[in-house]
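Enquirer: After the structure tokens below, expect a handful of questions from me.
Protein chains in written order, with my numbering: chain L, 41 to 270; chain Z, 1116 to 1337.
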């Protein structure tokens, strides 16, 4: 027997995306918290190590990327936790649609809520840290391709730990090692750009990481959610 | 006798090294109202979750129209309407937004939202955020989906003959007042008259549809 689903996949995607964005906009903590955390970490560094332009410019790519990584980690918990606790996750899992589609919509919403604001504010913070002018484009590009990877990989970790009461430590242990390649290639790209050398190689590797996680992570997330709700 | 809608075959469930139930088999036919009884911790919720496909049994299988719900999960999810003991209602969304999302997610038209909210006495609250509503009203938002499903069925608007035909309800009467419980029992009768079935757990005795109810009793096993 075949019964066709009423909603097209793009409609389902939009439905879940719109719901998650509406919830985030009415629960502004989700947007403000990671962003504030990001800004505060970065502004603490000049206070801690002194305002010398050369030192700051050298460590700026690392600081910005580590801060982006940590603030993503901070925001990950909200991705599935509240849905798990109030039973919405069960309803999503029992809908007649493939898990892949709505999981992707949820991760995309998470990136719009946490990743995009970071990218928008990053140039301002980079200027604060005296990042060389020629590195700005590289910084924006690595953040634009790299932060979705952080959301996608992080979502696997959250999906695995959502059923555990205090999964915070476990989540960090699971997810942070997987963030390292993004960190290495992103900071390397920004450094290379600072020397006015081509950095398309590093960018290509981050893009490869992005497309690999875009296609495979939703499957892993779906499987992990099924295990967590078992 | 008509073919069974849902059949449980030799289900065994083990939680925390304790056997909750062992070699449990039963068939559920269109028109059945099945009440699962038993003391706290006997495995009622575990059984419902296994029937819904959310949990895997230790042994045995659940079959929907002769095919395993694991292999034919899309068709089964079309036919299934499961309400767990958490209502699945978002505090940040209004009553109507919550219901609309749940209806769309399960292939029911949003046109039924208003009438369904009216049936569960939430008309006038449709624009209130759910976080401002009580626990009983949360439950009512979730239960409104049942009215929408029945409405769609009566208007021949549902997707497939068995769409939303199998209702699996975990403690649907929690936080619901007496009149609400009576209304729900009427709803169950109307639904089963349309060829659907209801599987529920509750500690209350069903009064109105008492003669129709089949009971499955789980013992607390040590």
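Glycine included, C-beta positions come from ideal geometry on N, C-alpha and C.
This one's a predicted model, so the numbers in the text were calculated from it and none came from an experiment.
1) Report buried or exposed for residue 1318(Z), applying the criterion of at least 16 other Cβ atoms within 10 angstroms of its Cβ.
2) Does the beta-carbon distance from residue 1237(Z) to residue 1263(Z) come in below 9 Å?
3) Just by C-beta distance, which residues in the segment 56-72 of chain L are closer than 7 Å to chain Z?
4) Report the three-state DSSP secondary structure of residue 1412(Z) (helix, strand or coil).
5) What are the start and end residues of the beta strand (DSSP E) that includes residue 1122(Z)?
6) What residues in the segment 127-160 of chain L have a beta carbon less than 9 Å from any beta carbon of chain Z?
7) Name the residue from 1119(Z), 1220(Z) and 1178(Z) whose alpha carbon lies nearest to the alpha carbon of residue 56(L).
8) Could you check whether the segment 1145-1152 of chain Z touches the segment 1287-1298 of chain Z, counting it as contact only if at least three pairs of C-beta atoms, one from each stretch, sit closer than 8 Å?
9) Near residue 250(L), what residues of its chain come up, given a Cβ to Cβ distance below 7 Å and the 5 sequence neighbours on each side ignored?
10) Is there contact here, the segment 149-158 of chain L with the segment 68-78 of chain L, by at least three beta-carbon pairs under 8 Å?
11) How many Å lie between residue 240(L) and residue 181(L) at the Cα?
12) Given 8 Å as the limit, is there contact between the segment 223-240 of chain L and the segment 204-212 of chain L, that is, 3 or more CB pairs closer than that?
13) Please state whether DSSP places residue 1183(Z) in a helix, a strand or coil.
14) Which partner residues does residue 1197(Z) have in the DSSP bridge list?
15) Please classify residue 89(L) as buried or exposed, where buried requires at least 16 neighbouring CB atoms within 10 angstroms.
16) On the DSSP bridge assignment, give the partners of residue 1233(Z) in chain order.
17) Is there a Cβ from chain Z that is less than 9 Å from the Cβ of residue 169(L)?
18) Can you confirm whether the segment 133-153 of chain L touches the segment 228-237 of chain L when touching is taken to mean that 3 or more C-beta pairs between the two stretches lie within less than 8 Å?
19) Measuring alpha carbon to alpha carbon, tell me which residue in 1235(Z), 1158(Z) and 1256(Z) is nearest residue 1331(Z).
20) So that I know if they touch, is there some Cβ in chain Z lying closer than 9 Å to that of residue 122(L)?
21) Does the distance from the C-beta atom of residue 94(L) to that of residue 170(L) stay below 9 Å?
22) Could you check the C-alpha separation between residue 1337(Z) and residue 1139(Z) for me, to the nearest Å?
23) Would you mind working out which of 1334(Z), 1287(Z), 1309(Z) and 1278(Z) sits nearest residue 1201(Z), comparing C-alpha positions?
24) Return no unless some Cβ of chain Z is closer than 9 Å to the Cβ of residue 94(L).
25) Against chain L, which members of the segment 1230-1242 of chain Z pass a CB distance test of less than 7 Å?
26) Should residue 119(L) be flagged as near chain Z, meaning a C-beta pair shorter than 9 Å?
27) Which partner residues of residue 1134(Z) appear in the DSSP bridge assignment?
28) Terminal residues of the continuous beta strand (DSSP E) containing residue 154(L)?
29) From the beta carbon of residue 1177(Z), is the nearest beta carbon of chain L less than 9 Å away?
30) Take every Cβ of the segment 1302-1311 of chain Z, pair it with every Cβ of the segment 1243-1253 of chain Z, and state whether three or more of those distances are shorter than 8 Å.
31) Hey, which unbroken runs of the alpha helix (DSSP H) at 4 residues or more fall wholly within the segment 199-269 of chain L?
32) Taking only the alpha-carbon atoms, compute the straight-line gap between residue 107(L) and residue 172(L) and give it to the nearest angstrom.
33) Taking a contact to mean a Cβ-Cβ separation below 9 Å, would you say residue 1216(Z) touches residue 98(L) in this structure?
34) Quick check: residue 1129(Z) and residue 1135(Z), are their CB atoms within less than 9 Å of each other?
35) Which bits of chain Z does residue 47(L) rub up against, with CB to CB less than 9 Å?
36) Is residue 35(L) buried or exposed, if buried means 16 or more other CB atoms sit within 10 Å of its CB?
Expert: From the atom records:
1) exposed
2) Contact flag unset, no.
3) 59, 62, 63, 66 and 67
4) Shown here, chain Z extends from 1116 to 1337; a query on residue 1412(Z) therefore has no answer.
5) 1121-1130
6) Per Cβ criterion, the list reads 127, 128, 129, 130, 131, 132, 133, 134, 135, 136, 137, 138 and 142.
7) 1220(Z)
8) no
9) Result list for residue 250(L): 185, 188 and 189, in chain order.
10) The answer is yes - the segment 68-78 of chain L touches the segment 149-158 of chain L, with three or more Cβ pairs under 8 Å.
11) Cα-Cα distance, rounded: 10 Å.
12) no
13) Look at residue 1183(Z) here: in three-state DSSP terms it is strand.
14) 1283(Z)
15) exposed
16) Partner(s): none; residue 1233(Z) has no beta bridge.
17) no
18) No, they do not touch.
19) 1158(Z)
20) Cβ-Cβ to chain Z under 9 Å: yes for residue 122(L).
21) yes
22) 17 Å
23) Out of 1334(Z), 1287(Z), 1309(Z) and 1278(Z), 1287(Z) has the C-alpha closest to the C-alpha of residue 1201(Z).
24) no
25) Here the close residues number zero.
26) Residue 119(L) does not count as touching chain Z.
27) DSSP lists 1129(Z) as partners of residue 1134(Z).
28) Taken as a continuous stretch (DSSP letters only), residue 154(L) belongs to no beta strand (DSSP E), as it is neither H nor E.
29) no
30) At 8 Å Cβ cutoff, the stretches do not touch.
31) 208-234 and 240-268
32) 19 Å
33) No; because the gap between Cβ atoms is not below 9 Å, this pair is not in contact.
34) yes
35) 1219, 1220 and 1222
36) Shown here, chain L extends from 41 to 270; a query on residue 35(L) therefore has no answer.
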